[in-house]
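Scroll down for the structure; my scribbles are underneath it.
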Amino acid sequence: MRLRNIPRAEDTLQAHFTVIKNPKELRGNWSSVFENTHPIRIEIGMGKGRFLLNMAKTYPNINFIGIERYSSVLLRAVEKFDTDEFADLKNIRFVCMDARELPEVFAESEIEQIYLNFSDPWPKARHAKRRLTSTEFLARYEKVLPPQGLVEFKTDNTPLFDFSLEQVKEAGWTLQAFTYDLHHNAELNHGNIMTEYEEKFSSKGNPINKLIAIRK
Ligand code: SAM
1 MRLRNIPRAE DTLQAHFTVI KNPKELRGNW SSVFENTHPI RIEIGMGKGR
51 FLLNMAKTYP NINFIGIERY SSVLLRAVEK FDTDEFADLK NIRFVCMDAR
101 ELPEVFAESE IEQIYLNFSD PWPKARHAKR RLTSTEFLAR YEKVLPPQGL
151 VEFKTDNTPL FDFSLEQVKE AGWTLQAFTY DLHHNAELNH GNIMTEYEEK
201 FSSKGNPINK LIAIRK
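When you line the sequence shown up against the working numbering, it's residues 1 to 216, in that order.
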């Protein structure tokens, strides 16, 4: 997702306390941002923020960081934070960055869990390394998650989902659970919080796939 360039985006993000401007300087010290030692979970490719803002509201004793590559998209999440529904949240921050830089921003085991929702499919084979569930990205996640740390991934794109199942295996990780129809799987759908894309695609009748993978 890339929205048209919004001239005010940079200024608004710079001025907003939820947006971390110096993420690499906080490596190993992210708890100081939240002023507590609660576990930290991240969503990579957060988009407009619906999922993560609702997670933060539902789980006040967990800290959440939303990572999004484009400032024009991140602006939407920050604007959503500023509404009555979310403005009081103390346990969420945002970073505008490419997830390839993850190990430069977070120290070993600093992140308890990673969420990937409706990640870009990069359908061309030559772009497979850019998929957020490729072995290349799983190796980056190994540098920030503890052993047994979890990655949860949802998508309506079944070729990308099948690719992801294979990559998890190839990386030597363990599949804790998976389904090709999340919304009709009572166990995995329990407490499910929908993303913007999930709402859009499931309302068109597309089944939603989900996997939970355990770091080796
Ligand atoms: N997660 C949201 C949802 O489910 O509604 C947004 C899904 S959208 C298809 C994917 C988002 O991931 C886009 O906003 C894109 O800019 C972001 N993204 C893709 N690759 C990224 C990367 N390497 N680092 C950070 N963000 C990325």
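Even for Gly, the Cβ is constructed at its ideal location relative to N, Cα and C. Model, not experiment: these values are computed from the prediction.
Proximity winner among the options, relative to residue i (alpha-carbon distances)
i	options	result
residue 183	123, 166, 202, 84	202
residue 89	105, 107, 123, 53	53
residue 123	175, 157, 75	157
residue 114	6, 215, 33	215
residue 266	57, 15, 28, 61	The requested residue 266 is not part of the displayed model; the chain covers only 1 to 216.
residue 166	48, 76, 33, 128	128
residue 19	49, 159, 28	49
residue 27	176, 197, 95	95
residue 137	98, 107, 204, 147	98
residue 13	75, 176, 177	75
Where residue i sits in the DSSP three-state scheme
i	result
residue 63	strand
residue 14	helix
residue 197	helix
residue 116	strand
residue 148	coil
residue 110	coil
residue 213	strand
residue 154	strand
residue 43	strand
residue 83	coil
residue 50	helix
residue 27	coil
residue 89	coil
Straight-line gap, residue i to residue j (C-alpha atoms, nearest Å)
i	j	result
residue 69	residue 117	14 Å
residue 149	residue 103	15 Å
residue 169	residue 154	17 Å
residue 109	residue 64	15 Å
residue 25	residue 105	8 Å
residue 210	residue 161	8 Å
residue 143	residue 92	22 Å
residue 152	residue 140	15 Å
Where residue i falls, given that 16 or more other Cβ within 10 Å makes a residue buried
i	result
residue 213	buried
residue 86	buried
residue 8	exposed
residue 21	exposed
residue 66	buried
residue 17	exposed
residue 195	buried
residue 23	buried
residue 32	exposed
residue 133	buried
Residue i CB to nearest heavy atom of the ligand SAM below 8 Å
i	result
residue 247	Nothing about residue 247 can be read from this structure; the chain reaches only from 1 to 216.
residue 56	no
residue 132	yes
residue 24	no
residue 44	yes
residue 193	no
residue 143	no
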